[in-house]
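Residue numbers (my numbering), protein chains in the order written: chain A, 1 to 238; chain B, 239 to 476.
Number of protein chains: 2
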Amino acid sequence: MLSKYEQISNEMRKRIQEESYSSDEPIPDELSLTKEFSCSRMTMKKALDILVMEGLLYRKRGHGTFIVKSTIQDNLVNVTDKENLGLTSLLNDKKIESKVIQFDVLFPSEKVAAYLCVDHNTPVYHLTRLRKIENEPFVIEETYMPTNIIRGINEEVLQSSIYNFITNTLGLTIGGSHRKIRADKSNNLDQTYLNCASDDPILEVEQVAYLNTGIPFEYSFSRHRYDKFVFTTVNIRR
Amino acid sequence: MLSKYEQISNEMRKRIQEESYSSDEPIPDELSLTKEFSCSRMTMKKALDILVMEGLLYRKRGHGTFIVKSTIQDNLVNVTDKENLGLTSLLNDKKIESKVIQFDVLFPSEKVAAYLCVDHNTPVYHLTRLRKIENEPFVIEETYMPTNIIRGINEEVLQSSIYNFITNTLGLTIGGSHRKIRADKSNNLDQTYLNCASDDPILEVEQVAYLNTGIPFEYSFSRHRYDKFVFTTVNIRR
DNA sequence: CAGTGGTCTAGACCACTAC
DNA sequence: TAGTGGTCTAGACCACTGT
Chain A
1 MLSKYEQISN
11 EMRKRIQEES
21 YSSDEPIPDE
31 LSLTKEFSCS
41 RMTMKKALDI
51 LVMEGLLYRK
61 RGHGTFIVKS
71 TIQDNLVNVT
81 DKENLGLTSL
91 LNDKKIESKV
101 IQFDVLFPSE
111 KVAAYLCVDH
121 NTPVYHLTRL
131 RKIENEPFVI
141 EETYMPTNII
151 RGINEEVLQS
161 SIYNFITNTL
171 GLTIGGSHRK
181 IRADKSNNLD
191 QTYLNCASDD
201 PILEVEQVAY
211 LNTGIPFEYS
221 FSRHRYDKFV
231 FTTVNIRR
Chain B
239 MLSKYEQISN
249 EMRKRIQEES
259 YSSDEPIPDE
269 LSLTKEFSCS
279 RMTMKKALDI
289 LVMEGLLYRK
299 RGHGTFIVKS
309 TIQDNLVNVT
319 DKENLGLTSL
329 LNDKKIESKV
339 IQFDVLFPSE
349 KVAAYLCVDH
359 NTPVYHLTRL
369 RKIENEPFVI
379 EETYMPTNII
389 RGINEEVLQS
399 SIYNFITNTL
409 GLTIGGSHRK
419 IRADKSNNLD
429 QTYLNCASDD
439 PILEVEQVAY
449 LNTGIPFEYS
459 FSRHRYDKFV
469 FTTVNIRR
């Protein structure tokens, strides 16, 4: 059951994307919209706030609320900072394969222990997978997960989607993540599995992902082919 | 004059960063906090929402509100997706130099015209600058700006901060931006000015920046040395 | 001045959790 | 049942804009 402001937000997003409103004029003012949707002004505001955060609308005090015009587009795989990097759900119309390069359990280094908020005596899964999209190598993911939270990982799970396993089998809910994005030179592992040249760069995403309980469950490095991946982000004034 | 929820948010952020609250227990519940800050529950919620969005807090219905523990740290220059890339304001304690590599006015290509929402007959500034931090080359910025919005750019402005010029001299307010981040091979320009090797990768940020009126005023490509720049982003569930 | 969005309130009811 | 956060309301006042 979606909340009222989410339903309204979805309806308004649809209208904007279908160009039901002219992008040269303000959209209807908040008072009119509260009447149309039979809601309070706070609820209407919350619904529109979501679209402002998504970069679809902007507001100007004393004037009205307007549609943002231009948006950067291109053809590469496109991950925005709103989504959790579950490749499987991101590209559910494409063929995804996972090849397990390494899978073991070890005691965490100081750094890994700090990010996962576990002590040095708690074993962690350590796994490296190559993910292919439509038979083309796409990304190498090196992942650390604490064994006391993510229980029961095995080869079969690794072949498909760990995120599905965490959500459906373990019944946990994934919350947010902190990420760092940088460029790097390719190393031997990259060249071998991503099939890239020695002078091809790599786009690396370092990530700590959290459950909705705030507990970190994953610390990972995703190394992408530079010609197949772009990271997108929207940034709005406050 | 900061709004009440911003003041409360700042105070709570300070307390969290100074570790005034134990990170093992929930912080005080919303009702207690509304009494302490003499505000309504909606206002308290809005204040805490900001900290949740920043990745400092998480909430669990029926339980309480808790402090997020781990955060990725490192030593490189660190731009988050909340900030507009004004290098000058980002690093105001460091020595920043700008060298103008190219500066001209031209009619926009189809792509540039589309992103800046101008027609083919509106001239745009086209400029390329090398930015140095503490005498070390850091980034090459290639920028397009419409001449009908950003009037009066000259060599003197280019030596310092264009963002300051837009804000202070032109009296415009900068709104949000859309960005794409990718890795790339270095080209001749990069190698010459960033002083990098031919096999050094580059982290490129493509950006369309908007005024608070929603009008795009800048389309740019920033090419960073891979060993001096990391892009940070926080992503929270909804 | 009227019309817009920005903030704030006091109170209500709901959903989830623990006891 | 009590305590938590999530949502929603009806109404108020303020700040900014254009006429």
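Glycine included, every Cβ here is placed at the ideal spot set by N, Cα and C.
Counting C-beta atoms within 10 angstroms of its own C-beta, G64(A) has fewer than 16 neighbours from the protein chains shown and is therefore classed as exposed. Between I254(B) and A285(B), the C-beta spacing is not below 9 angstroms. The beta carbons of I202(A) and A435(B) sit about 16 angstroms from each other, so the pair does not count as a contact at 8 angstroms. Against chain B, the beta carbon of A183(A) has neighbours under 7 angstroms at A421, P439, I440, L441, Y464, listed in chain order. Using a Cβ-Cβ cut-off of 7 angstroms, S177(A) is close to N473 of chain B, given in chain order. Interface residue (Cβ-Cβ distance to chain B less than 9 angstroms): T232(A) is classified as such. Within the region 389 to 412 of chain B, the residues whose Cβ lies closer than 9 angstroms to some Cβ of chain A are T411, I412, listed in chain order.
The CB of G214(A) comes closer than 7 angstroms to the CB of Y296, F304, V306 in chain B, given here in chain order.
Taking 9 angstroms as the CB threshold, K14(A) stays off the interface with chain B.
Interface flag for G300(B) against chain A is unset, since no Cβ pair is found closer than 9 angstroms. Beta-bridge annotation (DSSP): P146(A) is paired with V124(A).
By the neighbour-count criterion, in which 16 or more other beta carbons inside 10 Å mark a residue as buried, N473(B) falls on the buried side. Between the region 407 to 414 of chain B and the region 170 to 178 of chain A there are fewer than three inter-stretch CB-CB distances shorter than 8 angstroms, so the stretches are not counted as touching.
Here S261(B) is not bridged, per DSSP, to any residue. Distance check between P384(B) and each of V350(B), N402(B), I378(B), Q397(B) places V350(B) closest, using alpha-carbon atoms only.
For L127(A) against L106(A), the beta-carbon gap comes to about 11 angstroms, at or over 8 angstroms, which does not count as contact. Counting along the chain, no beta strand (DSSP E) covers A197(A), and no H or E run does either. With respect to S177(A), A209(A) sits close: the two C-beta atoms are nearer than 9 angstroms. Around the beta carbon of D267(B), a 10 Å sphere encloses fewer than 16 other beta carbons of the protein chains shown; the residue is thus reported as exposed. For D190(A), the enclosing alpha helix (DSSP H) stretches over residues 188 to 193. L354(B) and F469(B) have their C-alpha atoms some 24 angstroms from each other. CA-CA distance, Y259(B) to S186(A), rounds to 43 angstroms.
Taking the Cβ atoms as the reference, T233(A) lies roughly 6 angstroms from T471(B), within the contact range of under 8 angstroms. For the region 38 to 49 of chain A, the residues whose beta carbon sits under 8 angstroms from a beta carbon of chain B are, in order, M42. Just so you know, the alpha carbons of V139(A) and D104(A) end up roughly 20 angstroms apart. Under the 9 angstroms criterion on CB atoms, K242(B) is classed as non-interfacial with respect to chain A. When secondary structure is reduced to three states using DSSP, S247(B) falls in the helix class. The beta carbon of F138(A) sits no closer than 9 angstroms to any beta carbon of chain B. Across the structure, E257(B) and R389(B) are spaced so that their CA atoms are roughly 48 angstroms apart.
In this structure, the beta-carbon distance from D199(A) to D227(A) does not fall below 9 angstroms. At a cut-off of 9 angstroms between beta carbons, F217(A) makes no contact with chain B. Interface criterion not met: the Cβ of F107(A) is under 9 angstroms from no Cβ in chain B. DSSP, reduced to helix, strand and coil, places F376(B) within a strand of the structure shown. Below the 8 angstroms Cβ cutoff, chain B contributes Y296, V306 as neighbours of Y210(A), in chain order.
Interface annotation, K333(B): not in contact with chain A, CB-CB separation never under 9 angstroms.
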